[in-house]
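Okay, so here's the structure we're looking at.
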Amino acid sequence: MEKFANRIRGYYEDTLDPLATEFMFRRPPTMGELRRPPQVLLLGNHSSGKSTFVNYLLGEDVQSTGVAPTDDGFTIITYGATATERDGAAVVSNPDLPYEGLRQFGGQLVSHVQLKLRPAELLQTVTLIDSPGMIDAAKAESGRGFDFPGVVRWFAERADLVMVFFDPDKPGTTGETLQVFRESLAGIDHKMLIVLNKVDQFQSLHDFARAYGALCWNLGKVIPRKDLPMIYNTFVPLADKPKSRLPMEDFEKARNDLIGELRRAPTRRMDNQITQIQAYAERLRLHAMVIGEAADRLRSVRARWVGFSILLLGGLSAAAFATGMVVALPGIALAAVLAFVFIGYIALPRTKRRLIARFDQIFEELHNRELLLRERAEDLRMMWEEVSPRAREIAEKRGLQSFEKMRWDDREHLEELTGKLIPQLRSELYNAMRDSDAPAPALEQDRPEMLPASEPRRPRLLQGVGSGTPKRKTFF
Ligand SMILES: Nc1nc2c(ncn2[C@@H]2O[C@H](COP(=O)(O)OP(=O)(O)OP(=O)(O)O)[C@@H](O)[C@H]2O)c(=O)[nH]1
Ligand SMILES: [Mg+2]
Numbered sequence: 147m148e149k150f151a152n153r154i155r156g157y158y159e160d161t162l163d164p165l166a167t168e169f170m171f172r173r174p175p176t177m178g179e180l181r182r183p184p185q186v187l188l189l190g191n192h193s194s195g196k197s198t199f200v201n202y203l204l205g206e207d208v209q210s211t212g213v214a215p216t217d218d219g220f221t222i223i224t225y226g227a228t229a230t231e232r233d234g235a236a237v238v239s240n241p242d243l244p245y246e247g248l249r250q251f252g253g254q255l256v257s258h259v260q261l262k263l264r265p266a267e268l269l270q271t272v273t274l275i276d277s278p279g280m281i282d283a284a285k286a287e288s289g290r291g292f293d294f295p296g297v298v299r300w301f302a303e304r305a306d307l308v309m310v311f312f313d314p315d316k317p318g319t320t321g322e323t324l325q326v327f328r329e330s331l332a333g334i335d336h337k338m339l340i341v342l343n344k345v346d347q348f349q350s351l352h353d354f355a356r357a358y359g360a361l362c363w364n365l366g367k368v369i370p371r372k373d374l375p376m377i378y379n380t381f382v383p384l385a386d387k388p389k390s391r392l393p394m395e396d397f398e399k400a401r402n403d404l405i406g407e408l409r410r411a412p413t414r415r416m417d418n419q420i421t422q423i424q425a426y427a428e429r430l431r432l433h434a435m436v437i438g439e440a441a442d443r444l445r446s447v448r449a450r451w452v453g454f455s456i457l458l459l460g461g462l463s464a465a466a467f468a469t470g471m472v473v474a475l476p477g478i479a480l481a482a483v484l485a486f487v488f489i490g491y492i493a494l495p496r497t498k499r500r501l502i503a504r505f506d507q508i509f510e511e512l513h514n515r516e517l518l519l520r521e522r523a524e525d526l527r528m529m530w531e532e533v534s535p536r537a538r539e540i541a542e543k544r545g546l547q548s549f550e551k552m553r554w555d556d557r558e559h560l561e562e563l564t565g566k567l568i569p570q571l572r573s574e575l576y577n578a579m580r581d582s583d584a585p586a587p588a589l590e591q592d593r594p595e596m597l598p599a600s601e602p603r604r605p606r607l608l609q610g611v612g613s614g615t616p617k618r619k620t621f622f
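If you count the sequence shown from 1, you need to add 146 to reach this note's numbering.
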């Protein structure tokens, strides 16, 4: 994993970062973000059993649990040789921790963040993030004092796995849950696992079927996909709870599967980082090519204007000398000054505005071959739509003339990276996992429309390979 991580860092540092700086593209992820430990975010309705599940995983009561809404903040639980706790202010101001970005959500949020260090074996593999239970609309209105969906989105974007818990009492998506699905979890369904927890509360199959049906119905409204998400029906065995009359083996197996997924977070992290760098490089290429091309066109328009003016004024001066009308020379000099003022202050700014307005057309022209290959067209246009507002803003504010056309070797290098090196890295990752008999992450295979354009479809190398490899699951 370390070897793969170093190669990803190398690609950012050597190729992508210099180009991003030159074309003022958004910054690549920081080294801190790239080095962060694998993270699993636990979300869900209040009292759905998130904290109980965390305690079960760690084999000790790290989090408090209870029937009333218990957690009102985010708890980051990570590995530490001795058990200690740090408050939010210390967490967000520590540059060695990847949580500085939380500061943007204000002091209220910071005071609702806590870091717990525990010497549990599992934490050497993943960092767990327990979250405040989501409540219904009426209670949420009284306010949390910080942008809850925004913070959830922040954590979810940086998590390698997001587990969303529901329980038999609240198998629905109303109030805050609905808001979080719409605002915070959109587009990240490939790393989301749905859990119907506390199934030991069901005393009959009929009750279970009703709750399961209600959950599916409600999820259908917030997850815009044709197929049903994989739902883990499970529970945590608790001594003080009455036993269910239903056979529990399948639910226990689902719990083991869930824990298996959690342990695969490091592999998922690498896989996510490969997807992330591919997406970044593709977008950077579009941004730089269009800005560079527009800047080049602006320069040739300027050269034409200047050349034409010099030719005209030179011709007039020569004619004045030849015909002995030297008195016309001051007039010609004045015309020269006016011509350059016109070019600099009227003609070029107008051309610049026109070129920026035609960015979409430039994009189409530059990619006409790629766009003709129909399979790529939609992906490519989607990517361009994503980057074009910023490309326009940069070109307007910074001035097109300050950019150069993208160099041929830079372009070749980027194409090699997105077309060969990164896909190769991914297949090496799969091969390495196969050789070590570790299971492949079940990711993204079902959201082809979200994959960056030149990314090949996932190699399904590990499907059913190796005795210890579980069957890949279709989450969405
Ligand atoms: N029967 C049963 N009860 C459970 C299970 N998991 C949790 N509980 C109980 O449900 C209640 C709520 O559990 P918590 O772990 O505090 O739930 P939470 O999701 O962390 O709640 P908030 O922090 O308020 O969002 C507690 O009384 C637990 O004992 C389970 O699998 N089965
Ligand atoms: Mg809790």
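Every residue gets a Cβ at the ideal spot worked out from N, C-alpha and C, and that includes glycine.
For V341 against Y202, the beta-carbon gap comes to about 13 Å, at or over 8 Å, which does not count as contact. With 16 or more other CB atoms across the displayed protein chains lying within 10 angstroms of its CB, R401 is buried. Between the region 312–327 and the region 352–370, the count of Cβ pairs shorter than 8 Å is three or higher; the stretches touch. With fewer than three CB-CB distances shorter than 8 Å, the region 535–551 does not count as touching the region 453–463. For T211, the Cβ falls inside the 7 Å cut-off from some heavy atom of ligand 2.
As computed with DSSP, R232 is found in a beta bridge with L261. For Y378, the enclosing beta strand (DSSP E) begins and ends at 377–379. In this chain, the alpha helix (DSSP H) harbouring T198 covers 196–204.
Shown here, T216 sits in coil according to DSSP, grouped into three states, outside any helix or strand. Under DSSP, the beta-bridge partners assigned to F312 are L342. Under DSSP, N191 shares a beta bridge with M280.
For the 8 Å CB-CB criterion, N191 and D335 do not form a contact.
Minimum Cα-Cα distance from V452 among the listed residues L484, A302, K262, K551 corresponds to L484. DSSP places T221 within a strand segment (E or B) once states are collapsed to three.
Here the region 547–561 makes contact with the region 434–443; the two share three or more CB pairs at distances below 8 Å. Between L189 and F311, the C-beta spacing is below 8 Å. In this structure V259 is buried. Its beta-carbon is surrounded by 16 or more other beta-carbon atoms within 10 angstroms. Distance from the C-beta of S197 to the nearest heavy atom of ligand 2 is below 7 Å.
In the DSSP assignment, the residues bridged to L274 are V186, I223. Following the DSSP letters along the chain, one finds V483 inside the alpha helix (DSSP H) bounded by residues 475–488. Note that the region 151–169 does not touch the region 240–251; fewer than 3 beta-carbon pairs, one per stretch, sit closer than 8 Å. Contact check between the region 552–562 and the region 519–526: fewer than three CB pairs, one atom from each, fall below 8 Å, which does not count as touching. Taking every protein chain shown into account, the CB of M579 has 16 or more other CB atoms within 10 angstroms, so this residue is buried.
G279 has its Cβ nearer than 7 Å to a heavy atom of ligand 2. In this structure, L255 keeps its C-beta atom at 8 Å or more from the C-beta atom of I223. Following the DSSP letters along the chain, one finds P295 inside the alpha helix (DSSP H) bounded by residues 294–304.
Cα atoms of F454 and F171: separation of roughly 35 Å, rounded to the nearest angstrom. The residues P317, G318, in chain order, have a CB closer than 7 Å to that of A360 in the same chain once the five nearest residues on each side in sequence are set aside. With respect to the 8 Å criterion, L187 and A305 are classified as neighbours on the basis of their beta carbons.
Boundaries of the alpha helix (DSSP H) around R414: 411–468. Here the alpha carbon of D396 sits roughly 15 Å from the alpha carbon of K389.
Counting only the Cα atoms, Q209 lies some 18 Å from Q270. Measuring C-alpha to C-alpha distances from F220 to each of L512, H352, E206, F301 identifies F301 as the nearest.
Comparing alpha carbon positions, the residue from V200, A385, F169, G178 closest to I405 is V200.
Closest in C-alpha terms to L458, from the list V473, V472, I508, F486, comes F486. At the C-beta level, R429 and M529 come within 8 Å of one another.
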